Structure formats: C-alpha cells, structure tokens
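Q: Just passing along the structure, written as structure tokens.
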C-alpha cells in the first residue's frame, strides 16, 4: 500500500528566510507526486507536481520541490518566505491505476 | 479556470437524519472524489467515481453512499447521520488520469448534533 509522511506538523520561519516543508513517500512503482496548499476556510489548491523528467519542479507562487528517488522524498521549498505563504500544505502521491494518498498536512507559519 | 462548487459551506444536522452533499464541476472532468478532512488525519478518501454511474469505495466508505447520474454532479449521502461524521467534506474533480491535477471545492463543514 502507498503512504505519505509529512514528519512536521508545524513549520515556523521568519519572513525573507528560506522555507522547507518535508514529504517522504512509500509506493510500489513510479510515483506521481503533488503539493497542494489550503488557506483558512478554503479548499485545496494545486501548487506543483512531479510526473517524470527533471527532478526539480517549479510551481506556483515561487515554490519548487525536488524529487529524490533514493531518499523517497519530495520536499517543498521556497527561497524567500512571505507572510502570505502561511497556510496548510499537503503532499500527495499516486501511482498509475492507483488512487491518491494525502499526507496529514503541515502548517506553515511565516512571521514578519 | 476549473470551478468546483459544493452546495453548502456550513450544515447542521441531527443524528439519524439523511444528509445530501452536492458537488458540481464545470470542466467536463471524468473523475470525481469525496474526501473528509479531520485535524491530524489529513484527507481521507470516502468514494470516487471514474465516470457517470461508476463508483468505487475509498478508504473510509462505511456510513456513506454516492450517486453520479450526470457527469458534472457527484453527490455524497449520509443515510443516517451520526456524531462521528461531523467533519469537513471536500469534493474534487480531475480530468481523467492519475497524473492529472485534482481541483477542489471550498468544502462543506458538517456538524451532526
């Protein structure tokens, strides 16, 4: 069975500093990996995804993520955090002909 | 832009009531999903539908049923609501394949008293 782990419930960072939100996964076969963001009282919004090709994926709002097959990780990164980046972030994995599995979410707080 | 709408943002029901949650998408997507979101548990898949009149159980289907009579509409039904079904319910749609992005509705916060 496939699974996703987001080891940190909460990440705090100062505005202007780089941020990392961690995600590791376990699947049989080649994974499709996604990051979504949820702002308060809203549904999830797509940020970026890895399907194949370049291990560094760039997405919306200046976010990027690096696929590392040997470490089975897909960490979300941003070089310079904004207060408006404060939200709940979800990592998700799916495999061909399989369903999607979401992590438990990580709350990112960016302080001015 | 893809738009996924849900019939209610907030809903309060009594134990034992039959509850209908409606979801509509406007992009002719084949796949639709119902999740529930609880603090610390992430998103858990209740049911999904590959196409009209098709449905498959997700991870937590007990106490729920679904209906998809038209491509754009996917309904979640709580036959007899219970307090442990108090939660945020999220609907999503996707074009067709597992590599495609899911688009989410704003959610329905259901409280069962």
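Residue numbers (my numbering), protein chains in the order written: chain A, 80 to 191; chain B, 224 to 336. Positions of the beta carbon are idealized from the N, C-alpha and C atoms, including for glycine. Quick caveat, the model's predicted, so the values are computed rather than measured.
Would residue 113/A and residue 137/A qualify as a contact pair, given that the criterion is a beta-carbon distance under 9 Å?
A: The residue labelled residue 113/A in the question sits at position 34 within the first chain. The residue labelled residue 137/A in the question sits at position 58 within the first chain. Against a cut-off of 9 Å, the Cβ pair of residue 137/A and residue 113/A comes out as no contact.
Q: Which of helix, strand or coil does DSSP assign to residue 248/B?
A: Here the question's residue 248/B lines up with position 25 in the second chain. Three-state result, residue 248/B: strand.
Q: Give a yes or no on whether the minimum CB-CB distance between residue 281/B and chain A is below 9 Å.
A: Walking along the second chain from the start, residue 281/B turns up at place 58. Yes - at least one Cβ of chain A is within 9 Å of the one on residue 281/B.
Q: Buried or exposed for residue 144/A, going by 16 or more other Cβ atoms inside 10 Å?
A: Translated into positions along the first chain, residue 144/A becomes position 65. Buried is the call here.
Q: Which residues in the same chain have their Cβ closer than 8 Å to the Cβ of residue 306/B, if we skip the five residues on either side of it in sequence?
A: Stepping through the second chain from its first residue, residue 306/B is reached at position 83. If we look at residue 306/B and ignore the five residues flanking it on each side, its Cβ neighbours are 238, 335, 336.
Q: Out of 102/A, 119/A, 108/A, which one is the CA nearest neighbour of residue 188/A?
A: Here the question's residue 188/A lines up with position 109 in the first chain. Closest by alpha carbon: 119/A.
Q: Show which residues of chain A have a CB atom less than 7 Å away from the CB atom of residue 322/B.
A: Translated into positions along the second chain, residue 322/B becomes position 99. Within 7 Å Cβ-Cβ: 111, 130.
Q: Quick check: what's the CA-CA separation for residue 310/B versus residue 82/A?
A: Here residue 310/B refers to the residue found at position 87 of the second chain. Here residue 82/A refers to the residue found at position 3 of the first chain. When rounded, the distance between both Cα atoms is 22 Å.
Q: Going along the segment 308-319 of chain B in order, which residues come within less than 7 Å of chain E, judged by CB to CB distance?
A: Reference to chain E is not applicable here, since the protein chains of this structure are A and B.
Q: List the DSSP bridge partners of residue 171/A.
A: Position 92 of the first chain, counting from 1, holds the residue named residue 171/A. Answer is 113/A, 181/A, bridged to residue 171/A.
Q: Between the segment 287-298 of chain B and chain A, which residues of the former have a C-beta closer than 9 Å to a C-beta of the latter?
A: The segment 287-298 of chain B vs chain A, Cβ under 9 Å: nothing.
Q: For the beta strand (DSSP E) containing residue 107/A, name the first residue and the last one.
A: Position 28 of the first chain, counted from the first residue, corresponds to residue 107/A. No beta strand (DSSP E) holds residue 107/A; DSSP gives it neither H nor E.
Q: Are the segment 289-305 of chain B and the segment 100-113 of chain A in contact at 8 Å, needing three or more beta carbon pairs?
A: At 8 Å Cβ cutoff, the stretches do not touch.
Q: Measuring only the C-alpha atoms, how far is residue 122/A from residue 315/B?
A: The residue given as residue 122/A occupies position 43 in the first chain. The residue given as residue 315/B occupies position 92 in the second chain. Near 9 Å, if we compare the C-alpha coordinates of residue 315/B and residue 122/A.
Q: Does any C-beta atom of chain A lie closer than 9 Å to the C-beta of residue 234/B?
A: Along the second chain, one-based indexing puts residue 234/B at 11. Output row for residue 234/B: interface = no.
Q: Less than 9 Å separating the beta-carbons of residue 125/A and residue 248/B?
A: For this step, residue 125/A is matched to residue 46 along the first chain. For this step, residue 248/B is matched to residue 25 along the second chain. No; because the gap between Cβ atoms is not below 9 Å, this pair is not in contact.
Q: Just to confirm, are residue 330/B and residue 184/A a CB contact at a threshold of 9 Å?
A: By 1-based counting over the second chain, the position of residue 330/B is 107. By 1-based counting over the first chain, the position of residue 184/A is 105. Taking 9 Å as the Cβ cut-off, residue 330/B and residue 184/A do not qualify as a contacting pair.
Q: Once you ignore the five residues that flank residue 332/B on each side, which residues in its own chain have a CB closer than 6 Å to its CB?
A: Counted from its first residue, the second chain places residue 332/B at position 109. These residues qualify, in order along the chain: 233, 311.
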